[in-house]
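Quick note on my numbering: the sequence shown kicks off at -15 and runs consecutively. Ideal Cβ placement from N, Cα and C applies to all residues, glycine included. Worksheet: one structure, shown below.
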Amino acid sequence: MTRDYEVAGFDSDVELHIDYAAELNAQQCAAVTAPPGLALVIAGAGSGKTRTLTYRVAFLLEQGVQPERILLLTFTNKAAQEMMRRVRDLVGRELSGLCGGTFHSVGARILRSHGDLLGYQRNFSILDREDSVALIKTCLEEVGPLGTEKPPPADQIAEHFSRALNRGSEVGEEALGDLVHRASDQANWLRRLFEAYIRKKLEAQVMDFDDLLVLWLRLLTDHEAVRDHLQRRFQFILVDEYQDTNKIQGEIVDILAARHHNLMVVGDDAQSIYSWRGANFRNILDFPKRHAGAAVFRIEENYRSTPEILAVANAVIAKNTEQFPKELRAVCDPGEKPGVVACQDTQQQAAFIASRIGDLRGEGIPLNEMAVLYRAHYHTLDLQLWLQQAGIPFSITSGLRFFEQAHIKDITAYLRWIDNPRDEVAFKRLVRLMPGVGEKAAQKIWDNVGQRLREWLENPSPEIAGSEPVGAGVRLAEAMAKSSAAVPKRAAVQWAALAATLASILLPSSKIAPGDLIRDLVQDVYREHVVANYENGLHRLEEIEGLASFADEFQGLNEFLTQVALLTNVEAETESAEARNESRVRLSTIHQAKGLEFRVVFVIMLGNEMFPSAKSMDSDPAMEEERRLFYVAVTRARSLLYLTHPLVRVVRGVGMMRLERSVFLDEIPGHLVETWNLRPHRSW
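Encoded structure:
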């Protein structure tokens, strides 16, 4: 029986099977067993944030809250899956009704159900960033440049649109690219372009990643029935990594919680480091102001780092004025003081790190327990050379991820067009794989095929009512045949082969599984392209088979494509499969290392204008975020921490220049660190 939790308080007579007081520390237990209502949980680095959230969900379930009445919002699918698994283990039963996932994945589910109110059918496609850029290029051709100047690149425009949406600002509010026209002219041009982009997306029945939030919020604000339904359904809402939410996500959460007022957000204001990605620091800082009477819990016992490392971390973040004051307390045994290492230049810095890593490996510390963290990737160029020369394997958290590779995107383009024949971006990508087809030819072919497909979709025959892609192969082939005159002669054979394949595999009598559809497409139309155009074609075919095996886990094509789009857009795994099987030193930006921990951490290039960055040094809010970034770097270390700063650096066109020691190092009391005195550079 579902109880009405609009009445404050839980049933104190409920028999609890979990001994929360025994399994949690006092601060964690207070948050987990808090009464219904509004709550902000400030969970410091390494303090067991995931554990707290997991036990909170278990506590709600033990109080009789039905799983389907709980919404758990996270920032990665991996985090959501891990929390759901832990909750199942705690309560000892399956929780099929529990709604958990990233903001974007939950938004996609809701838009699949209610998108018709906004003009979208259930089988809309989800664009990744590359697809969005391709569609913006089409819009640029329609809108034309501003005056006689060349417009900014489409990828910059895509970033501008995304940044404006996630910050809740107007498109065109800030300058873009090298255009020199008056700001008002540029703003008007960008708005026209943005309007064309919105129209094109609706016509093609596609959404980009930002739409999964923007349109979800529009459903909540403009459609009372949907808002009321979701507010009634989700009686308890929990949000992970709340400090990373943007303006739209903050508004979504507030609206969803407006009926029952049972909202618990968990995060650490000291780790808010993603303003450049649209995160709104004020969401967490102003939570008690926006939600009068909200309880604030602090979790400050750190299970990760030594007391010496935490003393430095506390000193670093204490200089920020806008924060929830906290002081991390160590549970771990004492260790060595962090080292501050002054190096003559970046070469000596690299030599020191390579040498120290070699020594630590000799002492029995595995390479994968060591990390070098930095503000920007280019800070590691010298270090990479030294590690190579020293024979120390390393991995870099950058490069193409699996779903961003060309051959994987080619296959998903085929699937997207089959699933949603209105998807112009997907169609153009797959047709450009054919010989003699460039951008202009692709547009010409689409103009022919697209018109016939629109006529079919608007007046479907009974056997394909609802524009279901499965069973539509014959009609797709017919549209292609009638448009063959627009196809260059060099592509005629491949065009006919694709049409024949679609007619044969998309049978009205069967629903072909996504994995088998991939295999059929590869065998009939794509294998030849891979072998002919890629030196490592066989390896790429093996990866596509891996994609097919992944697709076998899904019953429907639309479900599979939704998951692929989400995996493409979110933060991916930070190592390749090869690196995970071999012990390597991790080289990573601090932003990408957030959430990770290592036994040994080197934080490098700690000089003013390097870290903190030059553009942040004239702005107090920017400097506070840079300080939070340094705090995140320091708190990744468990046992050993080294802070290095070169005394000089090479500036292109100038030569050697003095590099001032980072202001962040000066803010650390001298007695908390050990100063390392290096030998002269020539002895390395």
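Practice prompt. Flag this pair as touching only if the stretch 395 to 407 and the stretch 527 to 543 have three or more C-beta atom pairs under 8 Å; answer yes or no.
Written response: yes
For L56, which of K599, K121, E114, L240 has the nearest alpha-carbon?
L240
- V421 by DSSP, collapsed to three states: which one? coil
Query - For R274, the three-state DSSP class (helix, strand or coil) - result: helix
Review point. Would G91 be called buried (16 or more neighbouring beta carbons within 10 Å of its own) or exposed?
Key: buried
request  = Note the first and the last residue of the continuous alpha helix (DSSP H) segment covering T205.
outcome  = 195 to 206
Check your understanding: To the nearest whole angstrom, what separates the beta carbons of R436 and G30, a pair I think is in contact under 8 Å?
Key -> Rounded, the Cβ-Cβ distance is 60 Å, inconsistent with contact.
* Asked: Per DSSP, M248 forms a beta bridge with which residues?
  -> A23, L222
Could you say which of L490, T38, R413 lies nearest to D224 if we only look at CA atoms? T38
- Message: Below 8 Å, how does it come out for the stretch 326 to 337 and the stretch 594 to 602: are there three or more Cβ pairs, yes or no?
- Response: no
- From this set, P129, N246, G156, which residue's C-alpha is nearest R53's C-alpha? N246
Report yes if the C-beta distance between V324 and V25 is below 7 Å; otherwise report no. no
*Going by alpha carbons, who is nearest to R282 out of D504, M354, A23, E581?*
A23
If contacts are defined as beta-carbon pairs under 8 Å, then R622 and R568 qualify, I think. What distance do you get, rounded to the angstrom? Their Cβ separation, rounded to whole angstroms, is 18 Å, which puts R622 and R568 out of contact at 8 Å.
Q) With burial defined as no fewer than 16 other Cβ atoms inside 10 Å of the residue's Cβ, what is the status of T362: buried or exposed? A) Contrary to the premise, residue 362 reads as Tyr rather than Thr in this sequence. It is exposed - the Cβ of Y362 has fewer than 16 other Cβ atoms within 10 Å.
* To do: Within 10 angstroms of the Cβ of G637, are there 16 or more other Cβ atoms? Answer buried if so, exposed if not.
  => At G637, the pLDDT of 45 sits below 50, so the modelled position is not reliable and the matter cannot be decided from this model.
If distances are taken between C-alpha atoms only, which option among D194, A497, E320, V127 comes closest to R147? D194
Practice problem: Quick one: grab the DSSP three-state call for A563. | Solution: With a pLDDT of 41 at A563, under the threshold of 50, the modelled position of this residue cannot be trusted, and the question is left open.
- Just list the alpha helix (DSSP H) runs in the stretch 93 to 161, keeping only unbroken ones of 4 residues or longer that don't cross its boundaries, in chain order. 113 to 127, 138 to 151
Worksheet entry | Three or more C-beta pairs below 8 Å linking the stretch 201 to 221 and the stretch 173 to 181 | no
Whole-angstrom C-beta distance between I232 and L197, which should lie under 8 Å
5 Å
For this session: Between the Cα of R359 and those of D100, I574, E46, spot the shortest distance and give me the residue it belongs to.
Result: I574
Q: Would you mind giving the Cβ-Cβ distance between Q47 and V117, rounded to the nearest angstrom? I have them listed as a contact below 8 Å.
A: Contact doesn't hold; Cβ gap of about 48 Å is too wide.
*How should M191 be labelled, buried or exposed, when 16 other C-beta atoms within 10 angstroms of its C-beta is the threshold for buried?*
buried
Count Cβ pairs between the stretch 337 to 348 and the stretch 298 to 318 that sit closer than 8 Å; are there 3 or more? no
When G131, A295, K185, R77 are compared against S109, the one with the closest alpha-carbon: K185
Drop a sphere of 10 angstroms on the beta-carbon of P129, count the other beta-carbons inside from all chains shown, and report buried for 16 or more, exposed for fewer.
exposed
Give, in chain order, every unbroken run of the beta strand (DSSP E) that is at least 3 residues long and sits entirely within the stretch 9 to 75. 22 to 27, 54 to 58
Could you tell me the alpha carbon to alpha carbon distance between L525 and V409, rounded to whole angstroms? 23 Å
> Are V415 and A463 close, meaning C-beta to C-beta below 7 Å?
Replying inline: no
Assign P20 to buried or exposed, taking buried as 16 or more other Cβ atoms, counted over all protein chains shown, within 10 Å of its Cβ. buried
Compare the beta carbon distance of P156 and A171 with 7 Å and say whether it is the shorter of the two. For the sequence presented, residue 156 should be read as Gly rather than Pro. Yes, Cβ-Cβ distance for G156 and A171 is below 7 Å.
Specify, as a first and last residue, the run of the alpha helix (DSSP H) that W660 falls within. Note, W660: premise wrong, no alpha helix (DSSP H); beta strand (DSSP E) at 658 to 660.
Would you kindly check if the distance between the Cβ of V585 and the Cβ of R620 is under 7 Å? yes
* Cβ neighbours of A465 in the same chain (closer than 7 Å, five flanking residues each side left out) -> A483
Would you mind working out which of D228, R243, D3, N304 sits nearest S603, comparing C-alpha positions? N304
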